[in-house]
Amino acid sequence: MKLKQLLADVEYTQIHWPETEDFDIEITAVTSDSREAAPGALFVCIKGFLADGHDYIEKAAQAGAFVFIVEHMPEKPVDAVLIQVEDSREAMAHICAAWFGHPADRMVMIGLTGTKGKTTTAHMVKKILEESGKKTGMIGTIGAYIGTEKIPTKNTTPGPYELQKILSHMEKEGCTHVVMEVSSQGLKQHRTTGITFRYGVYLNISPDHIGAGEHADFEEYLACKKLLFRQTQCAVVNLEDSHAEEFLALSDNKITFSLDRESDYRAADIQNIWEPGFLGVSFQLLGRDNGRMLLNMPGEFNVENAMAAICIAREEGIDMDTIRSALKKVFVKGRTQLIQDAAHFTTFIIDYAHNALSMESLLHMLKNYHPKRLICLFGGGGNKPRQRRFDMGEAAGKYADLTILTMDNPRYEDMDEINKDIIRGLDVHGGAYQVIPDRKEAIHYLIDHCGKDDIVALIGKGHEEYQEVRGVKYPFSEEKIVREYLQTK
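At position 126 of the sequence shown (counting the first as 1) the number is 125 in numbering that gives the first Met the number 0, and the numbers step up by one without a gap.
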């Protein structure tokens with residue numbers, strides 16, 4: 000591809016040409032990794048948290064890269080084309096979109112942002128679209144999917160090269176729609192720059208992802224969430240969130256949903272349903288459409304997620320019967336995932352909740368089903384803020400009748416030190432607990448000691464298939480362990 004094609008949407012401040020100015024240079028590859036540099040490659044110098052691509056210009060040039068995107072000119076002369084830009088990440092996104100031929104332009108792009116609910120809502124939207132016969136791609140926390148085909152990804156919102164490559168693959172496979180989780184970090188780093196979303200969905204926001212390598216403070220976190228709506232044609236906004244008005248102000252074309260407020264789509268008369276093989280809710284849809292809906296997932300927060308999905312589906316012209324059918328069957332691995340012990344009528348829930356807000360929301364919701372006992376099993380993640388672990392312990396102590404404290408991903412921290420923070424939180428409410436460090440043993444103990452009409456929440460691992468200890472990821476599937484042990488009972 001010609002250099003001029005790659006630079007079509009890139010704003011640059013100056014260019015250094017070693018020879019005659021020539022925008023018709025043929026580019027053979029695009030990369031920001033000096034190990035992937037090759038003859039004729041365009042190398043984008045990105046300043047990261049641990050390394051700065053500008054330090055690798057000489058190495059990449061020696062490997063044959065001839066065009067460099069830089070934020071500042073190198074001190075040492077380089078026999079190459081140097082294109083200076085204000086933000087190399089933003090330039091990288093535009094270049095990658097051009098490199099893959101702007102695949103997003105030919106599909107309906109649906110972007111979801113929010114502290115909670117992105118993954119669940121993405122699955123709901125995908126299920127409804129597929130139920131209506133639309134081939135749909137999905138990109139998010141648990142990978143990228145085309146139907147049942149899984150494409151592993153490195154981040155919730157992949158980097159621009161990886162993202163555009165996935166979108167290109169989805170287009171070639173016949174996808175007409177793509178629903179993707181758009182993280183605040185992805186927005187901050189311009190990973191989705193160059194993509195126009197037909198729908199941008201704002202779910203909610205709460206303090207999270209604040210610290211080294213993420214966001215400096217809540218204000219920056221909020222500002223990054225808002226960036227999605229600079230590249231959105233229609234804003235879909237949850238009026239239940241306290242920052243909803245700020246997001247509504249970002250778009251002239253908007254659709255609103257809520258549980259209690261006047262909005263385009265509203266859910267009322269929410270009723271919990273708990274019966275063999277089912278833990279969910281029913282609700283009355285009001286507003287632009289009316290009808291009774293049944294959702295195969297528990298909790299008001301999942302009703303909010305379903306309302307976002309309904310907004311998009313109706314805008315896409317999907318009929319209510321199709322939406323109703325899809326929501327009855329929707330399933331999300333590791334998100335309020337139900338496993339029923341039919342023999343003893345014990346309900347197990349596997350959920351990815353890994354901060355205090357998500358955990359409190361989950362436990363409070365499960366308590367409203369009035370189980371005989373609510374039992375939770377969880378651990379604290381290592382190398383994370385200590386306050387987060389204390390707060391999770393406090394939530395468990397407040398709602399659970401019994402907490403089994405065990406291993407999550409301790410990473411490089413000592414598990415006993417992690418547990419001390421959690422126990423301080425548990426003690427706030429005098430919550431009963433037991434410590435069983437080995438998570439598999441803890442699960443076995445839990446199953447041995449639960450019974451009829453108990454709800455058991457296994458929290459923190461969700462869809463993950465590993466435990467991370469001292470830099471090593473060991474295979475670990477919570478769902479598999481639960482199912483296999485239940486078969487022996």
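From the three backbone atoms N, C-alpha and C, an ideal C-beta is built for every residue, glycine too.
Just so we're clear, the structure is a prediction, and the values are computed from it rather than from any experiment.
Checking 8 Å against the spacing of the C-beta atoms, do residue i and residue j come in under that value?
i: Pro297; j: Gly279; result: yes
i: Gly450; j: Thr345; result: yes
i: Val66; j: Met108; result: no
i: Pro17; j: Ala79; result: yes
i: Thr135; j: Cys174; result: yes
i: Gln232; j: Phe256; result: no
i: Thr155; j: Gly199; result: no
i: Gly378; j: Met358; result: no
i: Gln13; j: Gln61; result: no
i: Ile454; j: Leu361; result: no
i: Ile24; j: Leu6; result: no
i: Met106; j: Met137; result: no
i: Asn382; j: Tyr411; result: yes
i: Leu258; j: Val302; result: yes
i: Met306; j: Ala266; result: yes
i: Val181; j: Gly110; result: yes
i: Lys371; j: Asp263; result: no
i: Arg387; j: Asn354; result: yes
i: Ala312; j: Thr120; result: no
i: Ile317; j: Ile127; result: yes
i: Lys496; j: Cys223; result: The requested residue 496 is not part of the displayed model; the chain covers only 0 to 488.
Taking buried to mean at least 16 other C-beta atoms within 10 Å of its own C-beta, is residue i buried or exposed?
i: Pro102; result: buried
i: Asn418; result: buried
i: Ile45; result: buried
i: Gly159; result: Sequence check: residue 159 is Pro here, not Gly. By the 10 Å Cβ count, Pro159 comes out buried.
i: Val471; result: exposed
i: Trp98; result: buried
i: Phe42; result: buried
i: Glu57; result: exposed
i: Pro474; result: exposed
i: Tyr220; result: buried
i: Lys479; result: exposed
i: Ala50; result: exposed
i: Gly52; result: buried
i: Phe22; result: exposed
i: Glu172; result: exposed
i: Arg260; result: exposed
i: Ala59; result: buried
i: Gly290; result: exposed
i: Met491; result: Look at the range of the chain in this structure, 0 to 488, and you will see that residue 491 is not part of it.
In three-state DSSP terms, what is residue i?
i: Phe282; result: strand
i: Gly392; result: helix
i: Asn382; result: coil
i: Leu258; result: coil
i: Gln339; result: strand
i: Arg482; result: helix
i: Ala7; result: coil
i: Ile348; result: strand
i: Glu467; result: strand
i: Tyr432; result: strand
i: Glu440; result: helix
i: Thr231; result: strand
i: Phe196; result: strand
i: Ile109; result: strand
i: Pro73; result: coil
i: Ala456; result: strand
Using only the heavy atoms of the ligand SAM, determine whether one of them is closer than 7 Å to the beta carbon of residue i.
i: Phe196; result: This structure simply doesn't include the ligand SAM, nor any ligand for that matter.
Strictly by DSSP, which residues pair up with residue i?
i: Trp98; result: Beta-bridge pairing links Trp98 to no other residue.
i: Phe377; result: Leu404
i: Asn271; result: Val280
i: Gly142; result: Gly139
i: Thr30; result: Phe42
i: Ile311; result: In the DSSP output, where bridge partners are listed per residue, Ile311 has none listed.
i: Phe67; result: Phe42 and Leu81
i: Ala92; result: None, per the DSSP bridge assignment.
i: Arg265; result: Ser257 and Leu285
i: Gln13; result: Gln83
What residues in its chain sit with their C-beta under 6 Å from that of residue i, if we drop five residues either side in the sequence?
i: Ala431; result: Leu401
i: Leu202; result: Gly113, Gly116 and Asn237
i: Gly392; result: Ile421, Gly424 and Leu425
i: Lys439; result: Ile480
i: Gln336; result: Ile349
So, at 8 Å on beta carbons, what are the nonlocal neighbours of residue i in its own chain, with the 5 sequence-adjacent residues on each side left out?
i: Val481; result: Ile338, Phe347, Ile349, Ile442, Ile446 and Leu457
i: His189; result: Asp86, Arg88, Glu89, Met91, Ala92 and Pro159
Leaving out the 5 sequence neighbours to the left and right, which residues in its chain are closer than 7 Å to residue i when beta-carbon positions are compared?
i: Asp268; result: Phe282 and Gln283
i: Ile165; result: Ile138, Ala143, Ile150 and Pro157
i: Pro409; result: Gly381, Ile417 and Val468
i: Thr118; result: Gly139, Thr140, Ile141, Glu180, Val331 and Arg334
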